[in-house]
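If you read the protein sequences in the order shown, they are chains G and R.
Numbers in the numbering used here are just positions in the first sequence, counted from 1, shifted up by 5.
Numbers in the numbering used here are just positions in the second sequence, counted from 1, shifted up by 70.
Every residue gets a Cβ at the ideal spot worked out from N, C-alpha and C, and that includes glycine.
Written below as structure tokens is the structure these notes are about.
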Amino acid sequence: EPEVTQTPSHQVTQMGQEVILRCVPISNHLYFYWYRQILGQKVEFLVSFYNNEISEKSEIFDDQFSVERPDGSNFTLKIRSTKLEDSAMYFCASSAGQGLYNSPLHFGNGTRLTVT
Amino acid sequence: DQQVKQNSPSLSVQEGRISILNCDYTNSMFDYFLWYKKYPAEGPTFLISISSIKDKNEDGRFTVFLNKSAKHLSLHIVPSQPGDSAVYFCAARGFGNEKLTFGTGTRLTIIP
Numbered sequence: 006e007p008e009v010t011q012t013p014s015h016q017v018t019q020m021g022q023e024v025i026l027r028c029v030p031i032s033n034h035l036y037f038y039w040y041r042q043i044l045g046q047k048v049e050f051l052v053s054f055y056n057n058e059i060s061e062k063s064e065i066f067d068d069q070f071s072v073e074r075p076d077g078s079n080f081t082l083k084i085r086s087t088k089l090e091d092s093a094m095y096f097c098a099s100s101a102g103q104g105l106y107n108s109p110l111h112f113g114n115g116t117r118l119t120v121t
Numbered sequence: 071d072q073q074v075k076q077n078s079p080s081l082s083v084q085e086g087r088i089s090i091l092n093c094d095y096t097n098s099m100f101d102y103f104l105w106y107k108k109y110p111a112e113g114p115t116f117l118i119s120i121s122s123i124k125d126k127n128e129d130g131r132f133t134v135f136l137n138k139s140a141k142h143l144s145l146h147i148v149p150s151q152p153g154d155s156a157v158y159f160c161a162a163r164g165f166g167n168e169k170l171t172f173g174t175g176t177r178l179t180i181i182p
């Protein structure tokens, strides 16, 4: 069964550094997402991406965050200047479509980001 | 943001019996609901979904029930198996929205 893959599985960085989290969504999917889960808290929506642009973002997704689909297969999340509170598990997800099609999101196994 | 609530943080069920996981929501604009299962160190795995035009959806051992008037959904697993031990999340989405809103999860333990 096709799956969403994320790299690296664990990233440790110092506060103020830039990090890029990488994802390869399922190949025929059209919608791409980033979610995160801070330890002990809910899974939270960050951003959705469709047709090479952000279609929706949460209040968490401020100017420090950006997403890109550079080559038609990878989907990346960049955090420009990491803060301690960015430490979390970051999940990439993709889906075939939404609205009338109501297709579910398929998640990767996540990247654990630790900011020290 | 408590739009989706799972009030039971944990549940233990004997193998072979029925597991019932519950979820309540407050946003009447939600029209698509999903259940995910999550093992440690893995991402959420999609289990089953239901749209607001239905009140029941079944897939093998998993059945989701939706009671729109009560803003309540439940996931039934029968018979429960040891491999079902995991954290279960319900999630909801409004029509035309991209964002899934997750509950806090219920840890299900199946006792052999």
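What are the boundary residues of the beta strand (DSSP E) that residue i is part of?
i: Gln151(R); result: From DSSP, Gln151(R) is part of no beta strand (DSSP E); its letter is neither H nor E.
i: Leu178(R); result: 176-181
i: Met94(G); result: 93-100
i: Phe135(R); result: 132-137
i: Ser121(R); result: 115-121
i: Tyr55(G); result: 48-55
i: Asp184(R); result: The requested residue 184(R) does not occur in the structure, where chain R is confined to residues 71 to 182.
State buried or exposed for residue i, treating a residue as buried only when at least 16 other CB atoms are found within 10 Å of its CB.
i: Asn114(G); result: buried
i: Pro13(G); result: exposed
i: Asp91(G); result: buried
i: Thr96(R); result: exposed
i: Ser86(G); result: exposed
i: Glu58(G); result: exposed
i: Ser100(G); result: buried
i: Tyr109(R); result: exposed
i: Pro109(G); result: buried
Could you check whether the Cβ of residue i sits closer than 8 Å to any Cβ belonging to chain R?
i: Leu35(G); result: no
i: Gly77(G); result: no
i: Gly21(G); result: no
i: Ser71(G); result: no
i: Gly113(G); result: yes
i: Gly104(G); result: Note that Gly104(G) scores a pLDDT of 48, beneath 50, so its modelled location is shaky; the value from the coordinates is reported in the next line. Closer than 8 Å to some Cβ of chain R, the Cβ of Gly104(G) qualifies, so yes.
Counting only C-beta atoms, is residue i closer than 8 Å to chain G at any point?
i: Tyr102(R); result: yes
i: Lys169(R); result: yes
i: Pro110(R); result: no
i: Thr174(R); result: yes
i: Phe116(R); result: yes
i: Ser119(R); result: yes
i: Gly86(R); result: no
Cutting at 8 Å between CB atoms, please list the residues of its own chain near residue i, excluding the five before and the five after it.
i: Arg87(R); result: Val148, Pro149, Ser150
Quick one: is the Cβ of residue i within less than 7 Å of any heavy atom of the ligand PLP?
i: Leu118(G); result: For the ligand PLP, the structure offers nothing, since it holds no ligand at all.
If I measure Cβ to Cβ from residue i and keep anything under 6 Å in the same chain, skipping five residues before and after, which residues do I get?
i: Arg177(R); result: Ser80, Val157
i: Thr119(G); result: Val17, Ser92
Listed from N- to C-terminal order along the chain, which residues in the stretch 39-58 of chain G have their beta-carbon within a distance smaller than 7 Å of any beta-carbon of chain R?
Those would be Lys47, Val48, Phe50, Ser53, in chain order.
Got a sec: which bits of the stretch 141-166 of chain R sit with their beta carbon under 9 Å from any beta carbon on chain A, in order along the chain?
Here the protein chains are G and R, and chain A is not one of them.
Which of the residues in the stretch 125-140 of chain R, read from start to end, lie with their CB under 7 Å from any CB of chain G?
none
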